[in-house]
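Peer 1:
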Amino acid sequence: MKKALLFFVCCAIVSISHAQKETFDLATYSPPKAWKKQPAESAVQFTKEDTANGTYCLITLYKGVPGTASSKENFDLAWASLVKEMVTVSTPPEMQPSATENGWEAQSGYAPFESDGNKGVVVLVTSSGFEKMVNLIILTNTDVYEKEITAFLESVSLKKPETIPQQNPITNDAKNFILGTWGANASDNSNYRMKNGIMNYISRQYTFNADGSYSFVSKAFDPLMDKILLGKETGAYQINDNTVSLNPKKSILQAWSKMNGADDWGKLLNTQNIPLEKAAYQFTKHYFSGTQIWNLVLQADKATQRDGPHSSNDIFKNAWYYGPLSANNPQIRLPGSTSNIKEEVQKQPAVVSNGFAFT
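Okay, so the sequence shown: first residue is 4 according to my numbering, each after it adds one.
In structure tokens:
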């Protein structure tokens, strides 16, 4: 299996293909036939499993995100934040020679993994260019899917992203510091979901207005649920030094059907009032050099129903990290809206980016 995986990686970094059957974010690819496809906002995943023989393979193609100037640093960041969050790897990745073409540089490596007693090999390919990085992860415990994996990797091509204006850093004035819309996304990367290609997510977004009002929106999507959950809250906020206090006035949770069973709003099924939860957060601004993005950091001793569990990122204790809106962190599209203006303005070209082939 090791020999086959080396072949996969080589294909991933040197193939040049013009297939343009499907697109996701910046990447263009030909989907593997007869594989289960699970699209989500941050990634698209393909899975195939032979239950009789206990073999499986998952291919996950991620949206492009801001990257550093170092392709190896981007790979290391992705290995730590993506691979290690998915599975347990006992050894550093065995790196393969990098490849550069048309402004994109691909770094790739692999390592054995174990997750809930299941053993296999994980391959990460990180392509860096134009201040972006695009990641692709393969998880498998067999080489029987070699031809299909190779065909998929050979079909993936990258395009230079359009330039998107970055939000200006917030000033040190306490109120201006927090104004605007800030969003965070989370998903469950358990072994069961990973093995079966079941990708869920929850998006949360705060909007702080200059008049002292705020709104909070959350959206939860799960292929295992027959509903999409939408939370909406409005209220007032007050700032005292580096503390922001929220005083909610109205909070509801709605259940919506899935249009055609997909991640799209269908019909409103029910609405229920949510107990109002006052909260006070310590807040600050933190610049992540890896992604080159400022985050609004909220801290509170106890987790809240609104924000969910504290982040596993322990740069700040008992914290949540909210980033500015961007093509990779779009505004939540609410039911009844035909388009999201901010998302459309910032949308990437209709070709996807991933790090394997270059056009």
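Even for Gly, the Cβ is constructed at its ideal location relative to N, Cα and C.
Which stretch, first to last residue, makes up the beta strand (DSSP E) that contains Ala-102?
Peer 2: Position 99 of the sequence shown, counting from 1, holds the residue named residue 102. Per DSSP, Ala-102 belongs to the beta strand (DSSP E) from 97-104.
Peer 1: Return the residue from the list Thr-143, Asn-243, Trp-323 that minimises the CA-CA distance to Thr-50.
Peer 2: Here residue 50 refers to the residue found at position 47 of the sequence shown. The shortest Cα separation from Thr-50 among Thr-143, Asn-243, Trp-323 belongs to Thr-143.
Peer 1: Quick one: grab the DSSP three-state call for Phe-291.
Peer 2: Here residue 291 refers to the residue found at position 288 of the sequence shown. DSSP places Phe-291 in strand when its eight states are reduced to three.
Peer 1: With a threshold of 8 Å on Cβ separation, who are the neighbours of Leu-182 within its own chain once the five nearest residues in sequence on each side are excluded?
Peer 2: As a first step, residue 182 must be located in the sequence shown, where it is residue number 179. Excluding positions up to five away in sequence, the list reads Ile-173, Phe-211, Asn-212, Ala-213.
Peer 1: Could you say if the segment 34-44 and the segment 108-115 meet the contact criterion of at least three C-beta pairs nearer than 8 Å?
Peer 2: Cβ pair count under 8 Å is below three, so no.
Peer 1: Is the separation between the beta-carbon of Gly-186 and that of Gly-339 shorter than 8 Å?
Peer 2: Along the sequence shown, read from residue 1 onward, the residue named residue 186 stands at position 183. Along the sequence shown, read from residue 1 onward, the residue named residue 339 stands at position 336. Their beta carbons are not under 8 Å apart, which means Gly-186 does not touch Gly-339 by this criterion.
Peer 1: Counting only the same chain and skipping the five closest in sequence on each side, list residues whose C-beta sits under 7 Å from that of Ser-147.
Peer 2: Within the sequence shown, the letter at position 144 stands for residue 147. Sequence inspection shows Val at residue 147; the Ser mentioned does not correspond to that position. The residues are Thr-58.
Peer 1: Roughly how far, in whole angstroms, is the beta-carbon of Ser-131 from the beta-carbon of Glu-108, given that I think they are within contact range, below 8 Å?
Peer 2: Counting from 1 along the sequence shown, the entry for residue 131 is found at position 128. Counting from 1 along the sequence shown, the entry for residue 108 is found at position 105. So it is a contact: roughly 5 Å between Cβ atoms.
Peer 1: Let me check understanding here. Comparing Cα to Cα, which of Glu-165, Ala-282, Met-262 lies closest to Leu-249?
Peer 2: Along the sequence shown, read from residue 1 onward, the residue named residue 249 stands at position 246. Of the listed residues, the one whose Cα sits closest to Leu-249 is Ala-282.
Peer 1: Given this structure, state the Cα-to-Cα distance separating Gln-99 from Lys-75, to the nearest angstrom.
Peer 2: Residue numbering aside, residue 99 sits at position 96 when the sequence shown is read from its first letter. Residue numbering aside, residue 75 sits at position 72 when the sequence shown is read from its first letter. Taking the straight line from one Cα to the other gives about 11 Å.
Peer 1: Got a sec? Which residues, its chain only, sit under 6 Å from Ser-206 by beta carbon, not counting five neighbours each side?
Peer 2: The residue you call residue 206 lines up with position 203 of the sequence shown. The answer, listed in chain order, is Asn-188, Lys-222, Ile-335.
Peer 1: Using beta-carbon positions only, say whether Val-47 and Phe-27 come within less than 8 Å of one another.
Peer 2: One-based indexing of the sequence shown puts residue 47 at position 44. One-based indexing of the sequence shown puts residue 27 at position 24. A contact, by the Cβ cut-off of 8 Å.
Peer 1: Measure the beta-carbon distance from Ile-140 to Leu-127 and round it to whole angstroms, keeping in mind my assumption that it falls under 8 Å.
Peer 2: In the sequence shown, residue 140 corresponds to position 137, counting from 1. In the sequence shown, residue 127 corresponds to position 124, counting from 1. Contact holds; Cβ gap of about 6 Å.
Peer 1: Please report the distance separating the alpha-carbon of Lys-150 from that of Asp-119.
Peer 2: By 1-based counting over the sequence shown, the position of residue 150 is 147. By 1-based counting over the sequence shown, the position of residue 119 is 116. Cα to Cα, the separation comes out at about 28 Å.
Peer 1: So what does DSSP say about Asn-175, is it helix, strand or coil?
Peer 2: On the sequence shown, residue 175 is found 172 positions in, with the first residue counted as 1. With a pLDDT of only 44 at Asn-175, under 50, the local geometry of the prediction cannot be trusted, and the value read off the model is given with reservation. Note: Asn-175 maps to coil in three-state DSSP.
Peer 1: Considering only DSSP beta bridges, list what Ala-187 is partnered with.
Peer 2: By one-based count along the sequence shown, residue 187 stands at place 184. Partner(s): Arg-207.
Peer 1: Roughly how many angstroms lie between the CA atoms of Asn-171 and Lys-288, to the nearest whole one?
Peer 2: The sequence position of residue 171 within the sequence shown is 168, counting from 1. The sequence position of residue 288 within the sequence shown is 285, counting from 1. Because the pLDDT of Asn-171 is 48, which lies under 50, any placement of that residue in the model is unreliable, and the number read from its coordinates should be weighed accordingly. Asn-171 and Lys-288: Cα-Cα distance of roughly 13 Å.
Peer 1: Counting C-beta neighbours from all protein chains within 10 Å, is the total for Pro-278 16 or more, i.e. buried, or is it exposed?
Peer 2: Here residue 278 refers to the residue found at position 275 of the sequence shown. Exposed.
Peer 1: Considering Phe-116, what are the terminal residues of the beta strand (DSSP E) in which it resides?
Peer 2: By 1-based counting over the sequence shown, the position of residue 116 is 113. Segment 107-118, the beta strand (DSSP E) holding Phe-116.
Peer 1: If we count the other Cβ atoms within 10 Å of its Cβ and call it buried at 16 or more, is Lys-66 buried or exposed?
Peer 2: Here the question's residue 66 lines up with position 63 in the sequence shown. Counting Cβ neighbours within 10 Å, Lys-66 comes out buried, since at least 16 surround it.
Peer 1: Based on the DSSP output, what are the partners of Ile-3 in its beta bridges?
Peer 2: This structure cannot speak to residue 3, because the chain is shown only from 4 to 362.
Peer 1: Quick one: which unbroken beta strand (DSSP E) runs of 3-plus residues sit fully inside the segment 266-313? Chain order, please.
Peer 2: As far as the segment 266-313 is concerned, its whole beta strand (DSSP E) runs of at least 3 residues are 268-276, 282-291, 296-302.
Peer 1: Would you identify the three-state DSSP class for Thr-341, choosing helix, strand or coil?
Peer 2: Position 338 of the sequence shown, counted from the first residue, corresponds to residue 341. Its pLDDT being 39, under 50, Thr-341 is placed unreliably in this model, and the coordinates cannot settle the point.
Peer 1: State the Cα-Cα distance for the pair Asp-310 and Glu-280, rounded to the nearest angstrom.
Peer 2: Locating residue 310 in the sequence shown gives position 307, where the first residue counts as 1. Locating residue 280 in the sequence shown gives position 277, where the first residue counts as 1. Going from the Cα of Asp-310 to the Cα of Glu-280 covers about 11 Å.
Peer 1: Taking 6 Å as the limit between beta carbons, can you name the residues of its chain near Gly-234, skipping five residues before and five after?
Peer 2: For the purposes of this step, residue 234 is taken as residue 231 along the sequence shown, with counting starting at 1. Once the five neighbours on either side are set aside, the close Cβ partners of Gly-234 are Ser-221, Leu-256.
Peer 1: Compare the Cα-Cα distances from Met-202 to each of Pro-333, Glu-25, Glu-44 and report the closest residue.
Peer 2: In the sequence shown, counting from the first residue as 1, residue 202 sits at position 199. For the residues Pro-333, Glu-25, Glu-44, the minimum Cα distance to Met-202 belongs to Glu-44.
Peer 1: Buried or exposed for Gln-208, going by 16 or more other Cβ atoms inside 10 Å?
Peer 2: Locating residue 208 in the sequence shown gives position 205, counting from the first residue. That one is buried.
Peer 1: Within this structure, are the beta carbons of Phe-291 and Val-300 separated by less than 8 Å?
Peer 2: As a working mapping, residue 291 is identified with position 288 in the sequence shown. As a working mapping, residue 300 is identified with position 297 in the sequence shown. Contact: no.
Peer 1: I need the straight-line Cα distance from Thr-54 to Gln-295, nearest angstrom please.
Peer 2: For the purposes of this step, residue 54 is taken as the residue at position 51 of the sequence shown. For the purposes of this step, residue 295 is taken as the residue at position 292 of the sequence shown. Thr-54 and Gln-295: Cα-Cα distance of roughly 43 Å.
Peer 1: What does the alpha-carbon distance come out to for the pair Glu-52 and Leu-61?
Peer 2: Sequence index remark: in the sequence shown, residue 52 carries index 49 (1-based). Sequence index remark: in the sequence shown, residue 61 carries index 58 (1-based). Looking at the two C-alpha atoms, the distance is approximately 9 Å.
Peer 1: Please report how far the alpha carbon of Asn-243 lies from the alpha carbon of Tyr-217, in whole angstroms.
Peer 2: By 1-based counting over the sequence shown, the position of residue 243 is 240. By 1-based counting over the sequence shown, the position of residue 217 is 214. Approximately 16 Å, taken between the alpha carbons.
Peer 1: Quick check on the DSSP output: the alpha helix (DSSP H) that includes Asp-53 runs from which residue to which?
Peer 2: Taking the sequence shown and counting its residues from 1, one reaches residue 53 at position 50. It is not in any alpha helix (DSSP H) - Asp-53 instead sits in the beta strand (DSSP E) that spans 46-53.
Peer 1: Closest by CA to Met-228, which one among Ile-318, Ala-239, Ala-258?
Peer 2: As a position in the sequence shown, residue 228 is number 225, starting the count at 1. For the residues Ile-318, Ala-239, Ala-258, the minimum Cα distance to Met-228 belongs to Ala-258.
Peer 1: So, with DSSP's three-state summary, where would you put Ser-74?
Peer 2: Mapped onto the sequence shown, residue 74 falls at position 71. In this structure, Ser-74 counts as helix in the three-state DSSP scheme.
Peer 1: Provide the residue(s) that pair with Gly-67 in DSSP beta bridges, ordered along the chain.
Peer 2: Within the sequence shown, residue 67 is the residue found at index 64, counting from 1. DSSP lists no partner for Gly-67.
Peer 1: Measure the alpha-carbon distance for Gln-308 versus Asn-298 and round it to whole angstroms.
Peer 2: Locating residue 308 in the sequence shown gives position 305, where the first residue counts as 1. Locating residue 298 in the sequence shown gives position 295, where the first residue counts as 1. Looking at the two C-alpha atoms, the distance is approximately 21 Å.
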